[in-house]
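Novice:
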Amino acid sequence: MSSTTAQSGLSRARRGVAPGGSGTGAGKRKSKLSAQTTRTFFWLLLPSVVLLVLIHGYPLIYAAVQATHDGNLLQTGNFVGGENFATVLTSPAFWKAAQFTLWFTIVGVFGSWLVGLGLALLLRTRIPGAGTFKVLLLLPWVVPIVVSSTAWNWLVATPDSLIPSLFRNLGMGTPLFLADPNLASITVMVFKVWVSFPFMMMMISAALASVDTTVYEAASMDGASRWQQFTQITLPLIARSTYISWILMTIFCVNDFPTIYLLTGGGPVNATTSLVVLAYRTVFQDFATGPGVAIAFLMTMTLVVISVILYRQIRKSSVE
Amino acid sequence: MNATPEQRRSFSRRGFLGLTAAAASVPLLAACGGGSASQGGGGGTGGTVKFWDMPWATPAYNDAAKGIAEGFSGANGAKASYQIIQWNNFYQTFSSAIASKTGPAVSTGGGFQAFQFEQQGQIAYADKVIEKLKSNGQFDDFLPGVLDPFKSDKGYVAVPWQLDMRVFWYRKSLFEKANVALPTDWPSLLEAGKALKKVGAFGFTTGAGAGNNYANHSMIMMMVNNGGGVFNKDGELDLLNDRNVEAMEFVLELVSNGIVDPAAVSYTTDNMSAQWKDGKAGYGLFQVNVPQRVGDTSGDLLVADPIKGPHGDKATIVFPNNIMMYTNTPSQEASEEFLVYYLGQLKQLWQKKLMSALPVFKSITEIPEFADDPNNVKIVKDWQPIAKTFAAQGSKLNANLAALDGGQALNQFSQTIITGKADAKTALQTFQSGLESVLKK
Chain A
16 MSSTTAQSGL SRARRGVAPG GSGTGAGKRK SKLSAQTTRT FFWLLLPSVV
66 LLVLIHGYPL IYAAVQATHD GNLLQTGNFV GGENFATVLT SPAFWKAAQF
116 TLWFTIVGVF GSWLVGLGLA LLLRTRIPGA GTFKVLLLLP WVVPIVVSST
166 AWNWLVATPD SLIPSLFRNL GMGTPLFLAD PNLASITVMV FKVWVSFPFM
216 MMMISAALAS VDTTVYEAAS MDGASRWQQF TQITLPLIAR STYISWILMT
266 IFCVNDFPTI YLLTGGGPVN ATTSLVVLAY RTVFQDFATG PGVAIAFLMT
316 MTLVVISVIL YRQIRKSSVE
Chain Z
3 MNATPEQRRS FSRRGFLGLT AAAASVPLLA ACGGGSASQG GGGGTGGTVK
53 FWDMPWATPA YNDAAKGIAE GFSGANGAKA SYQIIQWNNF YQTFSSAIAS
103 KTGPAVSTGG GFQAFQFEQQ GQIAYADKVI EKLKSNGQFD DFLPGVLDPF
153 KSDKGYVAVP WQLDMRVFWY RKSLFEKANV ALPTDWPSLL EAGKALKKVG
203 AFGFTTGAGA GNNYANHSMI MMMVNNGGGV FNKDGELDLL NDRNVEAMEF
253 VLELVSNGIV DPAAVSYTTD NMSAQWKDGK AGYGLFQVNV PQRVGDTSGD
303 LLVADPIKGP HGDKATIVFP NNIMMYTNTP SQEASEEFLV YYLGQLKQLW
353 QKKLMSALPV FKSITEIPEF ADDPNNVKIV KDWQPIAKTF AAQGSKLNAN
403 LAALDGGQAL NQFSQTIITG KADAKTALQT FQSGLESVLK K
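Shown next as structure tokens:
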């Protein structure tokens, strides 16, 4: 096959034209084939689409109905339009929870990312027992949250717990990690970072594994320092993975119910009440279904906006 | 896609038929699910009565309760099935099941659940059960006052089966070590608390952490103990009355004197139990059977005497847990028959020492397995007669009490008080506003 023929073939392949076919005739066949293929895809996809509509669509529609009606879980009441949203948005408890959620998410995402990044870089170096070390580092992510929250409760809840005792013995007083509103907020955030960093570490490790090491050798030969290599090579090359992990971790943090509820229940005096905890309490403790679901809707909308912004960043980083 | 008009018609028709079939299958499947999962046949024409029960105590309790339920054999071949429902999201579990007609025919549940579902028209009144209990002698066996709160204008909403009471407990050895007498009133409680503090113990043990309602109960108990309460005699919110303010000012005094553990705001029930077990708790409100709960049967943990408020009032709070019947049943007669049967078998649960609550029947309080425990005897003799429900000044229970019990407003209030973050009036005002906004719905 001559190079001209080969190029012609590649060109045709790119255009989706069958070999040997004339332009117009092939175009017709392509169109027919495409229609058949589309129909086949449609029928193959239909069961999944129906299931998705039933599983995701129906609850979403039902939730929208609940958010715009009064009533309770058992009986949807009268249509109240945006009243539930107005109730929620004018409630100081909502804004306090939103503020905590924001901080919880910022610390959760960037804290776990920084720890994960540091450990992923460390694990890239040749250290003895790296495999075992990696497995141990995964434990916080693997252990069920109910177990780890109970363990943390044992560690910090009472003045005689291990960590407060340690502080006392070091002459630093007896901090009440879950009883003081500020300390409880910090404790919950630290717990979230501890639970989440293995996920980040694995995401970053996977991204780092795909980076060609010769790039570093070249940079080194050009006189780039370690810091320059990190900021100019490593971070840009793992940028896509980073944005994806930020999107996922943002969703995990905003929607994180068990971490907070099991450790503090949202207290003391609502200091650690996030939006999802507030939504839960509103629906299941105050039996106010409409406002509770309205909170959930507002959270979803916020997450969609954040996800779209971060996806744009991913596309930008791909183009670059 | 360049489909011909014929193809489009063909596609459209097929698509329409397919979608129609899919759409039609939805209610069909739902109907199948609903029908089969609903109160099924089984047995004879009496059907199978679905009984849902909560984990009221250890797993051994549920095993025993299951045995009792499944031992039911009613007229027309009626049988009963048993299912445990976890406390987590229990209201949602019941609501969704009832809405889809897959709920129970008879159940235990939250203390005010029957009143919540009565509002939705889902509860079958128990008047005929009460009539049967009158005829078999069990009606006269009820402890005084336990049945009355369940009588609404339309009939008995549920039937009580156990009393979850809050009483003061104390550790005898700590009082001896502190060389202080057991409190009999509020001033002596304050003195005892100060003395206990000197020996490293707390004189008002409580907790308001995740899933822990004991601080909530302690606050309401202190109000009721002073002749106050959340509602007035007419069932209207009345949080800012003088008695409540006085009671909360007293609790704040306990807090400021370090008689309440500063970390208590975050304590789970397990943290509280550990305090009782480890000798950090000198005195405080707890449930029945504390020694068994915390695993200390040394005889050092004892029920204290009721204390008198500054105006001479004596009271505590009780949750009359109940069994309710639902309108969705294979046979109302079978539900009633089952409920009468189950109430008649309750004795077994106390005989096997599986309960952390008081019985509602006098005859059970007299069985040796119950009466041999002096703590039980003291609770029945001294505390049960002064026990009031969350309705406090009122005598009837209602759905509003569910919004109070375990709701955000009460939890925030009790956390505010035991951290000493606000004065009594401000905290009560916030509590009142929070509760008003919930009760409006």
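Residue numbers (our numbering), protein chains in the order written: chain A, 16 to 335; chain Z, 3 to 443.
Even glycine gets a Cβ: it sits at the ideal position worked out from N, Cα and C.
As the structure is a prediction and not an experimental result, all values here were calculated from the model.
(1) Which residues in the same chain as Ser231 (chain Z) place their Cβ atom closer than 6 Å to its Cβ, once the five residues preceding and following it in sequence are excluded?
(2) Identify each residue in the region 410–426 of chain Z for which the Cβ-Cβ distance to at least one residue of chain A is less than 7 Å, and report them in chain order.
(3) Express the C-alpha separation of Ala266 (chain Z) and Ser190 (chain Z) in angstroms, rounding to a whole number.
(4) To the nearest angstrom, how far is the alpha carbon of Ala145 (chain A) from that of Ala239 (chain A)?
(5) Determine the closest residue to Lys310 (chain Z) out of Z:Leu135, Z:Pro185 and Z:Lys282, with distance taken between C-alpha atoms.
(6) Output the distance between the C-alpha atoms of Ala116 (chain Z) and Asn64 (chain Z), rounded to the nearest integer angstrom.
(7) Exposed or buried, what is Ser63 (chain A) when buried is set at 16 or more other beta-carbons lying within 10 Å of its beta-carbon?
(8) Mind checking who Asn285 (chain A) pairs with in its DSSP beta bridge?
(9) Under a Cβ-count criterion, where at least 16 other Cβ atoms within 10 Å of its own Cβ denotes burial, should Met250 (chain Z) be classed as buried or exposed?
(10) What number of angstroms, rounded off, separates the C-alpha of Leu176 (chain Z) from the C-alpha of Thr271 (chain Z)?
(11) Would you mind giving the Cβ-Cβ distance between Gly105 (chain Z) and Asp129 (chain Z), rounded to the nearest angstrom? I have them listed as a contact below 8 Å.
(12) Apart from the five residues just before and just after Arg183 (chain A), which ones in its own chain have a Cβ nearer than 7 Å to its Cβ?
(13) One question on the structure: do Tyr216 (chain Z) and Ala306 (chain Z) come within less than 9 Å of each other, judged by their Cβ atoms?
(14) For Gln277 (chain Z) and Thr173 (chain A), what's the separation of their Cα atoms in angstroms?
(15) Would you say Pro264 (chain Z) faces chain A, with C-beta separation under 9 Å as the test?
(16) Specify the secondary structure class of Asn243 (chain Z) as computed by DSSP and reduced to three states.
(17) Quick one: is Ser225 (chain A) buried, meaning 16 or more other Cβ sit within 10 Å of its Cβ, or exposed?
(18) Kindly say whether Ile309 (chain Z), judged by its beta-carbon, lies nearer than 9 Å to any beta-carbon of chain A.
(19) Where does Phe10 (chain A) fall in DSSP's three states?
(20) Judging by CA-CA distance, which residue of Z:Asp143, Z:Asp155 and Z:Asp375 is the nearest neighbour of Gly301 (chain Z)?
(21) If you draw a straight line from the C-alpha of Leu88 (chain A) to the C-alpha of Tyr344 (chain Z), how long is it?
(22) Between which two residues does the beta strand (DSSP E) carrying Ile419 (chain Z) extend?
(23) Listed in chain order, which residues of the region 191–217 of chain Z have Cβ atoms closer than 7 Å to some Cβ of chain A?
(24) For Val440 (chain Z), which residues of its own chain have a beta-carbon under 7 Å away from its beta-carbon, when the five flanking residues on both sides are left out?
(25) Figure out for me which residue from A:Gln300, A:Cys268 and A:Leu170 has the closest Cα to the Cα of Leu318 (chain A).
(26) Counting only C-beta atoms, is Thr270 (chain Z) closer than 9 Å to chain A at any point?
(27) From which residue to which residue does the beta strand (DSSP E) around Leu304 (chain Z) run?
(28) State yes or no: is the beta carbon of Arg241 (chain A) nearer than 9 Å to at least one beta carbon in chain Z?
(29) Using a 10 Å radius around the Cβ and a threshold of 16 neighbouring Cβ atoms, would you call Ala429 (chain Z) buried or exposed?
(30) Which parts of the region 100–153 of chain Z are runs of the alpha helix (DSSP H), unbroken and 4 residues or longer, counting only runs that do not cross its ends?
(31) Using the DSSP secondary-structure output, state which residues sit across from Ile319 (chain Z) in a beta bridge.
(32) Quick check on this structure: which residue in A:Val323, A:Gln328, A:Asp85 and A:Thr279 has the alpha carbon closest to the alpha carbon of Ala194 (chain A)?
(33) Taking 8 Å as the limit between beta carbons, can you name the residues of its chain near Ala66 (chain Z), skipping five residues before and five after?
(34) In terms of DSSP beta bridges, what is Lys225 (chain A) paired with?
(35) Using the three-state DSSP reduction, which class does Trp261 (chain A) fall into: helix, strand or coil?
(36) Pull up the DSSP beta-bridge partners for Asp155 (chain Z), would you.
Specialist: So, to answer that:
(1) The question names Ser, yet the displayed sequence has Gly at residue 231 (chain Z). Counting only Cβ-Cβ distances below 6 Å, and skipping sequence neighbours, we find Met225, Ala394 and Gln395.
(2) Gln410, Gln414, Gln417, Thr418, Thr421 and Lys423
(3) The straight-line gap from Cα to Cα measures roughly 22 Å.
(4) 28 Å
(5) Just measuring C-alpha positions, the residue of Z:Leu135, Z:Pro185 and Z:Lys282 sitting nearest Lys310 (chain Z) is Z:Pro185.
(6) Taking the straight line from one Cα to the other gives about 21 Å.
(7) exposed
(8) DSSP, once it has assigned bridges, lists no residue as partnering Asn285 (chain A).
(9) buried
(10) 21 Å
(11) At roughly 21 Å, the Cβ-Cβ gap does not stay under 8 Å, so Gly105 (chain Z) and Asp129 (chain Z) are not in contact.
(12) Thr189
(13) no
(14) 9 Å
(15) yes
(16) coil
(17) exposed
(18) Not one chain A Cβ lies under 9 Å of Ile309 (chain Z).
(19) Residue 10 (chain A) lies beyond the stretch modelled for chain A, which goes from 16 to 335, so this question has no answer here.
(20) Z:Asp375
(21) Between the alpha carbons of Leu88 (chain A) and Tyr344 (chain Z) lies a gap of roughly 29 Å.
(22) No beta strand (DSSP E) holds Ile419 (chain Z); the alpha helix (DSSP H) holding it covers Gln410 to Ile420.
(23) So the list reads Ala210, Gly211, Ala212 and Gly213, given in the order they occur along the chain.
(24) Ala405, Gly409 and Ala411
(25) A:Cys268
(26) yes
(27) DSSP places Leu304 (chain Z) in the uninterrupted beta strand (DSSP E) bounded by Leu303 to Val305.
(28) Cβ-Cβ to chain Z under 9 Å: no for Arg241 (chain A).
(29) buried
(30) 115–121 and 129–138
(31) Z:Lys390
(32) A:Thr279
(33) The answer, listed in chain order, is Gln350, Leu351, Lys354 and Leu356.
(34) At residue 225 (chain A) the sequence reads Ser, which differs from the Lys that was named. Paired residue(s): none; Ser225 (chain A) is not in a bridge.
(35) helix
(36) In the DSSP output, where bridge partners are listed per residue, Asp155 (chain Z) has none listed.
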